[in-house]
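2 protein chains.
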Amino acid sequence: LDWDRWVMMAFIGFSVGVTGFMLHQITHLIAEVKWHYAEKFVIDSHVKAYLWVLGYSLVFASLAASTVAYLYPSAAGSGIPEIIGFLNGTAIRYVLNFKAFIVKFFSCACAVGSGMPVGPEGPMIHMGGIIGSGLSQCKSRTFRCTLPFFERFRNPEDRRNFTSAGAGAGVAAAFSSPVGGLLFAMEEVSSFWSDKMSWMTFFCCMVATFTADFFNTAFGSFKIGKNFGLFQTDKYILFQVTKGIPVNVIMFIPAVALGVLGGLLGSAFTIMNVKICRTRIKLTEHVIKKPLLQKTVSFLEPILITVIFTTISVYLPIAFDCKANVCPSNATYAAAHRPTLHPLDPHRHKRAGFFESEHSYDDKKHLYVDPSDPMFDQIRDVCNNSKFTYKVEPNLPHLGCKISNNIKGAYTNKSLDHNGHTYHFNDFNEISVLLNVPGADAIRHLFSRQTHLQFDYIPLLVVFPIYFIMACWAAGSSVSSGFVVPMLFIGGVYGRIVGRAAVDIFGETSEDDYWRWVDPGAFALIGAASFFGGVSRLTMSLTVIMIELTNDVLFLLPIMVTIMVSKWVADYITHPLYHSLLELKCMPFLPNEPVIVDNKQTVINLEQYQAQEVMASPVCTIKTVESVKELAQLLTETDHGGFPVVTHDKETDHYVSYGIIGRTELYIILCSKSISSAADSQSEVLVSPKLTYQEVSQVKGTLDLGEVFDSLNSLANDQRYQHVHVNLSPFINKSAPNIDQNFSLHRTYLVFRTLGLRHLTVVDRNNRVVGMITRKDLMGYNLEKKLDVHGRNKASKEE
Amino acid sequence: LDWDRWVMMAFIGFSVGVTGFMLHQITHLIAEVKWHYAEKFVIDSHVKAYLWVLGYSLVFASLAASTVAYLYPSAAGSGIPEIIGFLNGTAIRYVLNFKAFIVKFFSCACAVGSGMPVGPEGPMIHMGGIIGSGLSQCKSRTFRCTLPFFERFRNPEDRRNFTSAGAGAGVAAAFSSPVGGLLFAMEEVSSFWSDKMSWMTFFCCMVATFTADFFNTAFGSFKIGKNFGLFQTDKYILFQVTKGIPVNVIMFIPAVALGVLGGLLGSAFTIMNVKICRTRIKLTEHVIKKPLLQKTVSFLEPILITVIFTTISVYLPIAFDCKANVCPSNATYAAAHRPTLHPLDPHRHKRAGFFESEHSYDDKKHLYVDPSDPMFDQIRDVCNNSKFTYKVEPNLPHLGCKISNNIKGAYTNKSLDHNGHTYHFNDFNEISVLLNVPGADAIRHLFSRQTHLQFDYIPLLVVFPIYFIMACWAAGSSVSSGFVVPMLFIGGVYGRIVGRAAVDIFGETSEDDYWRWVDPGAFALIGAASFFGGVSRLTMSLTVIMIELTNDVLFLLPIMVTIMVSKWVADYITHPLYHSLLELKCMPFLPNEPVIVDNKQTVINLEQYQAQEVMASPVCTIKTVESVKELAQLLTETDHGGFPVVTHDKETDHYVSYGIIGRTELYIILCSKSISSAADSQSEVLVSPKLTYQEVSQVKGTLDLGEVFDSLNSLANDQRYQHVHVNLSPFINKSAPNIDQNFSLHRTYLVFRTLGLRHLTVVDRNNRVVGMITRKDLMGYNLEKKLDVHGRNKASKEE
């Protein structure tokens, strides 16, 4: 039945998937080069490494900032509020076009690659929305072209549906989380949803995930790897959990605690971010008047952030001692179980090095050492010395470790060849692990399990405020960037702190199933979910995204609990961040249900009010037959988007409501040839323009507002058109619902919102038009004003 | 703000969770006892075992059937269509009450325990719905009591919301799948949904899963185990996948193939099930006239099914040779990797037996044998002999294996004590593995991975049609049962067949990551998803349920693909099973969007039609002031649920639409004291009854239809009430939307459906009531009739 729709969905999904793949590879490549050379230069001197990192970061940060600040300011930020606003029914210009896509992609790739505390997920959602909107319409204002395909999708409903499917696909491609993408589109992005939609979006998200995963697992930094066609879990599952931990009922206590923390810190983040944005707007729009200076300030802000953040991330590690990483995680873990190390069997452990032998897919690592090896005793000493038995991951970064300071100087940062095996002895620096790697890698380190003592309190407590403030500042500066990665990072850090405390309380009893839940990595995961939840207030989509991100279903219940709690706590304090940003950007957003709060913080019951109390009145009505001149005057003098049409009823001699006509339709009718050809007749003339659906939709696509205004003006001022009357009947929407003026306001809101209306005509008992309700009339602040909620409340108090 | 609502949700979730726990434990206990003794008796003689199994099954089957057939026929089947119908807005009696719950629970526990090819999940959903509805209303007709709590939930909207939350919690508890439950409630069960709802349902499902998992992991057959409070994955994750397989792109070819198969077989199942149900209805309702005989036939049907199915499941295995299970799965797997077995290290392998040594939580099993063991060579011979290196699971059932027939007689079904270890040598029978265990266990065997050759073609091909037909027959007979387990079973069987074919084509190359996807267990999982999808047409909830059931996120994409394909194929052939059953049960279900198909199988565009073409006309209208006698007459003579109220407009001298009043409200007004006290006045009198909201809702709860009818009759026939007029104004719903008669039918449908209306008044241009549209008028068959779709079509053909 709907083959074209499915093809379009597949097409959108594929394009979003490819976009996700390109973005991932580019950011990865940029970041890889930076830290690769930094590690080389640091051997010579720290300053050299610092200058390299700073210079490199600045190049990309300035690329990211300049494109946005000078070329396309609307591409700043994540773009999610804009998509939400668009799908709620607000027309927003410059957001869903090809230029926005290009700038967004370029700026986001540079910003994330430069190492700023931002993530690529928000822009992916916006770009997905642009792709969904652009491909489905098969036309572009930028290119001034309209392709002759998929014409039946050129209507607001289909455009909306494809846009939200594209946004969902963006999430799906960014997190390789198809169900999460679908649910995100449903829960957060879309305001209107139908069963059919969810099935189509499901398909679109599936294709996007498939495409992104397929390419991402085949390529690494644009170099093709082995196993083409194999979906390698370590490559597409961002924060894969390989060591499942059974959940213990006691675990729900820290989950609730982390939820409360997440709610508090999440609202703090929201409030702070909104304050920063307000200050920025005040500064750039009111204090500085010159446009070029405004742009330059916008450009310099991300540069400043980059300089500060880079300096901190390179010099902060020096302040901290490095930890020796002689016995990596599982080796230590195994050693903790059995006081003696296992004898090495060369037949079985072909790849066995000193630290690990991966002998099967399950990535079970054991420490096998040949007892006859002269180093055996030495190694055992090292591993049994409690000072060194940190349970840590292998191969952690050691940038910032001073060579002379190393605890076991003989081994540090050196390799030892022995018996044909190479033994690596690495130091690592806790701050480096968090700040000197790309954000996603740092989160992976935070989430790593059975690494109980990898991070100490002090480094975590130092990194936390720095990253919190920098991320809060960066999210909203004029680069194209999202804050999912920063949210997971911040949540992971405080989760890890709580987890570390739990380890100190309960001890490291990781060998016992019953106590294995005391794992800071698991706490970091829950913390990340709580902070993400506290900021975004997503529920089910967030749960599914967290599961799909980590590939670990076991933690479903604690994650759900922490998300619930953090939402409760945060909802008590402030609005979700996306909604705050919507308000900040002055986008009229209509939530599902009206919530008007009066002075006393109690919710007003809108059932007590009537539709007539908020309607706009009097209304400019149009008769079914009107003179061209008057119509043109009406259009030039007002800027309403739609007009109620009335017709004369002979029986009652009233003008009664007949339907609604849109501004654009009126434009097209007035500009049609049949009108201009009738102008020269001297007597009264009635024109019935004949326009096919095709013609109308074609004109709609290429409407130039300036031209239209000029031609309307000439019509309005030309006396000849006084006599030309036009019959509007065929163009009137007779299926526009209208309501009685005594309708309860609550019900009015629901009718307006549920049916997705733009105009709602209010009539009296005799079906005469008495008012009009539009989106603006139903906005919270407007309701408060019109109903005089605060005044009434005061009055009732005084009584 | 809404603390009471959250408390209620928690309460519902907890109760549903406990119900799920009880049901799980009881069915488990019943099944365990049966097969435990069967294995004992079969050593004596096969007939003895058969008689035991048959007798035992018959006891429980007759308990299950008799309660439903004789006590409460509405408890038959899964109850999901009833819940869907109720939430769509149809009032269904005897479905949401306490008696239904009790019968449902008892019958379902017995039916599942007896070994019929049915599952407990459908009834869990129904019971969840009953709990949600019952607890939230705090009143019961069965007990004729109304508790003074949560009175504000006693309205249709809240009742609906709590019912769907309860149904979602039922899924969540049955599958320990909280997100799946939420999505199921959203996608399939509910017709109306809001953002707030999804958050609340999320919480409810979370609590239900938590409760069920918490108890299920602590108890086994009602005996408390160790590790109380630990969520043991093997106990609550029904079909846990422990061996992740990376997905290969080639895998999507069989996934599509299985999707096509699933679509075809799923529709075959649906069509067959509906045919059987139709025949059953014809037989019991039309052919047999005596009620008692009808009931007895209903009772005997499940008994017959049990006899046939039990006989087959006990005697069929005998027809097949048993396979020797000397080297269980992982042992063999390890052996295939390395030609020599590992030396046994008694220090490390404390629990090491012959076959497996679980030395860590990750359930990695190796075969460690002491080389100095005199049995070593013997064992190696056995394991290296290709005839015995089936990759199978350990400890499979061997009921039906003839002892004399065993291939390695010396070892079969015996234990050998050696060097302090016990070595078990078991045969297993492929049919036994599928039919002589509870359904969920059989599915677990089908899904087991790295057991490439565990099932051969012939046994699978024999079991498939038998189970397909029996499950199709049993689903709908008069026991309380669902068909989720049968669906997964059937899908698993044909998935395994396809998987086996893949193994024969590509070979058993399970050591290579790239080829590991050729695993019949993985194919069985995909097959199960495809069949489930083909029957139910669920998309996102099914995907999430499959993931949560197996705890394996890796297979997300293939599962999504197969579900998509099977839905496409099946949608092309027939309706989803639940919707077919709704139709069969004559429940008026309004889908989201109207789809009317004419003779030529093309969809009719309802935009071409107008509201007046389907409205019911003329209408019984009520004036704002009416005489009591006439009102009573109206109520007794008609059975409409609501009446449009008109008022006289002086300006136009018309009676114009004023609002709507419900039948129940009219009852209550007419039965109020102020009316009866006014009866004795001789002159015309106008009564304005004063009823508070409390009074109205209290009366509503205890309304007895018989009494009401009597009192109405007396009012209608009493001349005294001719003079008593009642002022209805305060009781009229003035916020009932009405539409113009020229409204497009498509739009009318959307308004009706989206706003969840029961009555929609149709007015003319002057706001005079000209018709009424109710649910019935918008049903597919009614639209077809009224619009004369087929006739018009014929006419246009003849032209």
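Heads up: the protein sequence lines correspond to chains A and B, in order. Residue numbers for the first sequence, in our numbering: 31 to 829. Residue numbers for the second sequence, in our numbering: 31 to 829. Where a beta carbon is used, it is the ideal one built from N, C-alpha and C, also for glycine.
query, result
"Is the shortest distance between the beta-carbon of G250/B and the beta-carbons of chain A less than 8 Å?", "no"
"Closest to P147/A by C-alpha separation, out of S96/A, I110/A, A91/A, L614/A, would be which residue?", "A91/A"
"Nearest by alpha-carbon distance to I267/B: which of P208/B, L620/B, I301/B, H316/B is it?", "P208/B"
"Considering I60/A, what are the terminal residues of the beta strand (DSSP E) in which it resides?", "Looking at the DSSP string, I60/A is not in any beta strand (DSSP E); the run it does join, the alpha helix (DSSP H), is 33–74."
"With burial defined as no fewer than 16 other Cβ atoms inside 10 Å of the residue's Cβ, what is the status of S566/A: buried or exposed?", "buried"
"Taking just the CA atoms, how far does G786/A sit from A203/A?", "29 Å"
"For M802/A, does the three-state DSSP call read helix, strand or coil?", "strand"
"Between the Cα of G274/B and those of W547/B, L775/B, I626/B, G689/B, spot the shortest distance and give me the residue it belongs to.", "W547/B"
"Where does V467/A sit, in a helix, a strand or coil, going by DSSP?", "coil"
"Please state the DSSP three-state secondary structure of P674/A.", "strand"
"Run through the DSSP bridge pairs and tell me what N768/A is partnered with.", "T791/A"
"Name the residue from G689/B, G551/B, F782/B whose alpha carbon lies nearest to the alpha carbon of Q270/B.", "G551/B"
"Can a CB atom of chain A be found closer than 8 Å to the CB of T682/B?", "yes"
"Determine the direct distance from the alpha carbon of G512/B to that of V83/B, and round the result to whole angstroms.", "22 Å"
"How do the region 656–675 of chain B and the region 749–761 of chain B stand: do at least 3 beta-carbon pairs fall below 8 Å, yes or no?", "yes"
"Note down, in chain order, every chain B residue with its Cβ under 7 Å from the Cβ of L808/A.", "Within chain B, no residue comes near L808/A; the closest Cβ sits about 15 Å away, beyond 7 Å."
"Give a yes or no on whether 8 Å exceeds the smallest Cβ distance from F244/A to chain B.", "yes"
"Whose C-beta lies closer than 6 Å to the C-beta of F44/B among residues of the same chain, with five residues either side of it excluded?", "V237, T241"
"Using only alpha-carbon positions, find the residue among G557/B, S687/B, D543/B that is nearest to R530/B.", "G557/B"
"From V799/A, Q712/A, F585/A, pick the residue whose C-alpha is nearest to that of K653/A; which is it?", "V799/A"
"Hey, would you say S508/A sits closer than 8 Å to A106/A, going by beta carbons?", "yes"
"Just to confirm, are L476/B and G522/B a CB contact at a threshold of 8 Å?", "yes"
"DSSP beta-bridge partners for I20/A?", "Residue 20/A lies beyond the range of chain A shown here (31 to 829); nothing can be said about it."
"Please name the residues in the region 537–564 of chain B whose beta-carbon is closer than 7 Å to at least one beta-carbon of chain A, in chain order.", "D543, Y544"
"Counting only the same chain and skipping the five closest in sequence on each side, list residues whose C-beta sits under 7 Å from that of S343/B.", "L465, N466"
"For L775/A, which residues in the same chain have their Cβ closer than 7 Å to its Cβ, ignoring the five residues on either side in sequence?", "L636, Y639, Q640, A641, E643, V644"
"Whose CA, out of D188/A, L59/A, A79/A, lies closest to the CA of T341/A?", "A79/A"
"Of the choices M157/A, Y497/A, M809/A, W598/A, whose alpha-carbon is the least far from that of G200/A?", "M157/A"
"When the Cα atoms are used, what is the spatial distance from E151/A to A559/A?", "16 Å"
"Going by the beta-carbon positions, is the gap between P276/B and D543/B smaller than 8 Å?", "yes"
"Mind listing the chain B neighbours of T300/A? Cutoff is C-beta to C-beta under 7 Å, in chain order.", "The premise fails here: T300/A is roughly 18 Å from chain B at the closest Cβ pair, so nothing lies under 7 Å."
"Scan the region 107–184 of chain B and note each continuous alpha helix (DSSP H) run of 4 residues or more that stays entirely inside, going in chain order.", "110–118, 128–144, 151–167"
"Does DSSP put K680/B in a helix, in a strand, or in coil?", "coil"
"What are the residues that DSSP puts in a beta bridge with N278/B?", "L260/A"
"Taking Cβ to Cβ, would you say G198/B is nearer than 8 Å to F214/B?", "yes"
"Is there a C-beta anywhere in chain A that falls below 8 Å from the one on I56/B?", "no"
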